[in-house]
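Here the structure comes first, spelled out in structure tokens, and everything after it is commentary.
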Amino acid sequence: MSALTRAVAAELVRVFSLRTWWVLAVVLVLYVGVTAGGFAFFVTAETEGGPGPLPAEVATQLVYSSTTSVALVIPLLFGALAATSEYRWRTLTPTFLAQPRRPVVLVGRLVVALLVGALYGVIGALTSVAAGAAVLAANGVDTLLGDPDVLGLLARTVLACALWSLLGLGLGALLTSQIAAIVIVLVFTQFVEPILRIVAGAWEWSAELARYLPGAATDSLVGAGIIASIGQLDPTVPGVIEPLTRLEGGLVLTALSVLLVAVAAVTTLRRDVE
Amino acid sequence: MPTGTPITIDHLTKRYGAVAAVDDVSFTAHPGRVTGFLGPNGAGKTTTLRVLLGLARATSGTATFGGTAYAALDDPARRVGASLSSDVFHPGRSGRDHLRVLQLAAGLERDRIDAVLQRVGMTDAADRRVGGYSLGMRQRLGLAAALLGDPGTLVLDEPINGLDPAGITWIRVFLRELAAEGRTILLSSHVLSEVSQTVDDVVVIARGRIVMAGALAELSAGAVARVRVDAADRSALASAIAAAGGVVETPTAGPLVVTGLDADGVGRAALAAAIPLTLLTPLSDDLESVFLRLTSEHPDPDARPASSAEVAA
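Chains as they are written, first to last, in full-length UniProt numbering: chain A, 1 to 274; chain B, 1 to 313.
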């Protein structure tokens, strides 16, 4: 085995020998399951003041993108915890004794963050399909499960989750404080970004900038999302700015992850280990 | 059988801002011997070891294994094993999984895990989470991690700290065995008496500087013989001792303490002056007090005694 393969194997054992990964997976399943079921009910039901039944093409995109609409916090949190745990428990010392070539350790960790992020994407996608398709079918809407558009959306969900895990890894390595990382991840994803995206719609210049927020870029990459859909669902929201294309969204998200990881790498690779 | 590499610290200096945590330190730890790296807490022991193992950068000077820096060794885990703290484990991971991560990262054989667990007596506890381990068990796990690559050279920071008496006896025997196999062992401690039965050589550091380096026996050569003596007529006794060339340390109250004369010399001085003695005891100056004197003899130039004004305030 090459040093890099060994580093990946070691990092996989590091992740799967703790309970953190599956506790996060359980939260993900519950969160996405309830959201996808709820969305599916909302877009098919004839509710007073609601949008009424949406065409299957629109409804399925909204329902099956539940993971990236609400649960990106899970891969982000995973990445941040993976990075800060080494500082919290001072395990960087044995890590760098076993492999003093720090770039090898770093690359192994990047690969595993992407892999586990993708695993969360698969779990999230399967959950949104399981919960969402059941409600859609019960209300007589076509679930479009074999549709290439739906399959493409699910595949891009997996990619988005992998990138958010990388984003968390970079953020965590940069902050080093586990408490700070958890607070920032939760506050940013649950309050700051959603509010910014909605408020930014009030002016053209801010709406244009808001397209580059990580959540907005993710919605562009995936091709659907609840906040992105508000403008389309509610015609009273004025001046909808054209969202980024899929490719642009993917590039923005990748660039952001790579930038964070690069800054973190430069500091971590040089720093004395306490 | 793995053979040890000499550990060479050569004019090593590590500064944090204006403070030199390690100041021009040089010494060598030899294969087949246990070298005790001794000094009070904060003297610079851990900093020296962290630089040696590539975890911190030297400001100047070098710390190598036979001339090669840790990170530049081929297969470092098979050459050098280290345990720097008993506090470097994730509490939610089992001892065995902790070793498994290191074994994979270092590219070692998987059967080494069971071998080292057995060698440190941790086989039964290996599948429990480290969060439930005692300090002694964490010390043993750290030692197991250091031994994973069956290295010829071991660097252990305070390996005896926090062990119970049975654990201390165990680790003494264990380290002697490892040294007898030809390994180089460098271990640090802030308590000389903890390691005086284990080490062959001592390196004493205080405030970042080496104050003594050599065989343990050389440390005892620094001991000063003193004699406690008493008689009904103390002042006459003190005069007789002074006349014979002795120095009386405590002339004011209680039995006299004499340096410069051994018990025989003090007895003869008293006999010559016809003073009947009520007490005559040679005082052994133990290694611990030599060690304390060595590490406090070199006062920090920045430190100053508190003035009376500061004390009053």
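All C-beta atoms in this analysis are idealised placements derived from N, C-alpha and C, irrespective of residue type, glycine included. All values derive from a computational prediction rather than experimental measurement.
Proximal chain A residues relative to V116/B, where beta-carbon distance stays under 9 Å: Locating residue 116/B in the second sequence gives position 116, counting from the first residue. Simply none; closest approach about 13 Å.
Whole-angstrom distance between A10/A and E109/B, CA atom to CA atom: Within the second sequence, residue 109/B is the residue found at index 109, counting from 1. Within the first sequence, residue 10/A is the residue found at index 10, counting from 1. One C-alpha to the other measures close to 13 Å.
Beta-carbon proximity of Y70/B to T62/B, cut-off 9 Å: Position 70 of the second sequence, counting from 1, holds the residue named residue 70/B. Position 62 of the second sequence, counting from 1, holds the residue named residue 62/B. Cβ atoms of Y70/B and T62/B: not closer than 9 Å.
Short-range partners of chain B found in the region 9–27 of chain A, where Cβ spacing is below 7 Å: Result list: A9, A10, V13, R14, S17, L18 and R19.
Contact list for P6/B against chain A, beta-carbon separation under 8 Å: Position 6 of the second sequence, counting from 1, holds the residue named residue 6/B. Simply none; closest approach about 19 Å.
Length of the line joining the Cα atoms of T254/A and L163/A: As a first step, residue 254/A is located in the first sequence; it is residue number 254 there, counting from the start. As a first step, residue 163/A is located in the first sequence; it is residue number 163 there, counting from the start. Rounded to whole angstroms, T254/A to L163/A spans 7 Å at the Cα level.
Ranges of the alpha helix (DSSP H) found wholly within the region 124–212 of chain A, counting only runs of at least 4: With a minimum length of 4 residues, the continuous alpha helix (DSSP H) runs that stay inside the region 124–212 of chain A are 148–175, 178–187, 193–200 and 204–210.
Helix, strand or coil at residue 333/B according to DSSP, with G and I counted as helix: There is no way to answer for residue 333/B, as the model of chain B reaches only from 1 to 313.
Buried or exposed (CB count within 10 angstroms, at least 16 for buried), S220/A: The residue labelled residue 220/A in the question sits at position 220 within the first sequence. Burial state of S220/A is buried, judged by a 10 Å Cβ sphere holding 16 or more other Cβ atoms.
CA-to-CA distance, A144/B to Y133/B, given in whole angstroms: Locating residue 133/B in the second sequence gives position 133, counting from the first residue. Locating residue 144/B in the second sequence gives position 144, counting from the first residue. Y133/B and A144/B: Cα-Cα distance of roughly 14 Å.
Residue burial classification, G95/B (beta-carbon count within 10 angstroms, cutoff 16): Along the second sequence, one-based indexing puts residue 95/B at 95. Buried: at least 16 other Cβ atoms inside 10 Å.
Residue range of the unbroken beta strand (DSSP E) whose run includes F65/B: Your numbering for residue 65/B matches position 65 in the second sequence. Where F65/B is concerned, the enclosing beta strand (DSSP E) stretches over S60 to F65.
Chain B contacts from the region 93–112 of chain A (Cβ-Cβ distance under 9 Å): Listed in sequence order: T93, P94, T95, F96, L97, A98, Q99, P100, R101, R102, V104, V105 and G108.
V25/B vs T48/B beta-carbon contact at 9 Å: The residue you call residue 25/B lines up with position 25 of the second sequence. The residue you call residue 48/B lines up with position 48 of the second sequence. A Cβ-Cβ contact shorter than 9 Å links V25/B with T48/B.
Beta carbon proximity, L186/B to chain A, threshold 9 Å: Within the second sequence, residue 186/B is the residue found at index 186, counting from 1. Judged by the 9 Å Cβ criterion, L186/B is not in contact with chain A.
Range of the contiguous alpha helix (DSSP H) that encloses T245/A: Counting from 1 along the first sequence, the entry for residue 245/A is found at position 245. Per DSSP, T245/A belongs to no alpha helix (DSSP H) and is neither H nor E.
Listed by chain order, chain A residues near L84/B by CB distance under 9 Å: As a first step, residue 84/B is located in the second sequence; it is residue number 84 there, counting from the start. Ordered by position in chain A, the residues that pass the 9 Å Cβ test against L84/B are T93, P94 and L97.
Inter-residue spacing [alpha-carbon to alpha-carbon] between L209/A and R78/B: Within the first sequence, numbered from 1, the residue matching residue 209/A stands at position 209. Within the second sequence, numbered from 1, the residue matching residue 78/B stands at position 78. L209/A and R78/B: Cα-Cα distance of roughly 54 Å.
V155/B versus Y120/A - alpha carbon distance: Mapped onto the second sequence, residue 155/B falls at position 155. Mapped onto the first sequence, residue 120/A falls at position 120. If I take the Cα positions, the gap works out to 41 Å.
CA-to-CA distance, V266/A to S66/A, given in whole angstroms: On the first sequence, residue 66/A is found 66 positions in, with the first residue counted as 1. On the first sequence, residue 266/A is found 266 positions in, with the first residue counted as 1. If you take the alpha carbons of S66/A and V266/A, they lie about 35 Å apart.
Inter-residue spacing [alpha-carbon to alpha-carbon] between V202/B and L219/B: Here residue 202/B refers to the residue found at position 202 of the second sequence. Here residue 219/B refers to the residue found at position 219 of the second sequence. Per the coordinates, the alpha-carbon of V202/B lies some 8 Å from the alpha-carbon of L219/B.
Residues of its chain near L196/A, where Cβ-Cβ distance is below 8 Å and the 5 sequence neighbours each way are ignored: Against the first sequence, residue 196/A aligns to sequence position 196. These residues qualify, in order along the chain: A210 and L213.
DSSP three-state assignment for M122/B, whether helix, strand or coil: On the second sequence, residue 122/B is found 122 positions in, with the first residue counted as 1. It is coil, neither helix nor strand.
Chain A contacts made by the region 196–226 of chain B, where a contact means CB separation under 9 Å: Listed by position, the residues of the region 196–226 of chain B near chain A (Cβ gap below 9 Å) amount to none.
Three or more C-beta pairs below 8 Å linking the region 30–40 of chain B and the region 170–182 of chain B: Yes, since at least three Cβ pairs between the region 30–40 of chain B and the region 170–182 of chain B fall closer than 8 Å, the two stretches touch.
Contacting residues, own chain, Cβ-Cβ under 8 Å from L12/B (five flanking each side not counted): As a first step, residue 12/B is located in the second sequence; it is residue number 12 there, counting from the start. Counting only residues of its own chain and dropping the five nearest sequence neighbours on each side, L12/B has a CB closer than 8 Å to the CB of V22, D24, V25, S26, T48, V51, A58, S60, G61, T62 and A63.
The ligand ATP heavy atom lying under 8 Å from the CB of A69/B: With respect to small molecules bound, the structure shown includes none, and the ligand ATP cannot be examined in it.
Proximal residues to L117/B (C-beta, below 8 Å), its chain only, five neighbours per side dropped: Looking up residue 117/B in the second sequence gives position 117. Excluding positions up to five away in sequence, the list reads G95, R96, L99, T123, A126 and A144.
Cβ separation of V224/B and V258/B, assumed to be a contact under 8 Å, to the nearest whole Å: As a position in the second sequence, residue 224/B is number 224, starting the count at 1. As a position in the second sequence, residue 258/B is number 258, starting the count at 1. With 8 Å as the limit, V224/B and V258/B do not qualify as a contact, their Cβ atoms being about 11 Å apart.
Closer than 9 Å to chain B by CB, V116/A: Position 116 of the first sequence, counted from the start, is the residue given in the question as residue 116/A. With 9 Å as the cut-off, V116/A does not count as an interface residue toward chain B.
Of the listed residues L171/A, Q61/A and S69/A, nearest to A133/A (C-alpha basis): Here residue 133/A corresponds to residue number 133 of the first sequence, with the count starting at 1. With distances taken between Cα atoms, A133/A lies closest to Q61/A.
Residue span of the alpha helix (DSSP H) that contains I241/B, given as start and end: Numbered from its first residue, the second sequence carries residue 241/B at position 241. Where I241/B is concerned, the enclosing alpha helix (DSSP H) stretches over R234 to A243.
Residue from V173/B, D150/B, G149/B and G136/B whose Cα sits closest to the Cα of E158/B: Within the second sequence, numbered from 1, the residue matching residue 158/B stands at position 158. The option with the nearest alpha carbon to E158/B is G136/B.
Buried versus exposed call for V266/B [16 or more other C-beta atoms within 10 Å across all chains shown]: Here residue 266/B refers to the residue found at position 266 when the second sequence is read from its first residue. So V266/B counts as buried.
Inter-residue spacing [alpha-carbon to alpha-carbon] between A72/B and V32/A: Position 72 of the second sequence, counted from the first residue, corresponds to residue 72/B. Position 32 of the first sequence, counted from the first residue, corresponds to residue 32/A. CA-to-CA, the gap between A72/B and V32/A works out to about 48 Å.
Pairwise C-alpha distance: I275/B and A269/B: Residue numbering aside, residue 269/B sits at position 269 when the second sequence is read from its first letter. Residue numbering aside, residue 275/B sits at position 275 when the second sequence is read from its first letter. Here the alpha carbon of A269/B sits roughly 9 Å from the alpha carbon of I275/B.
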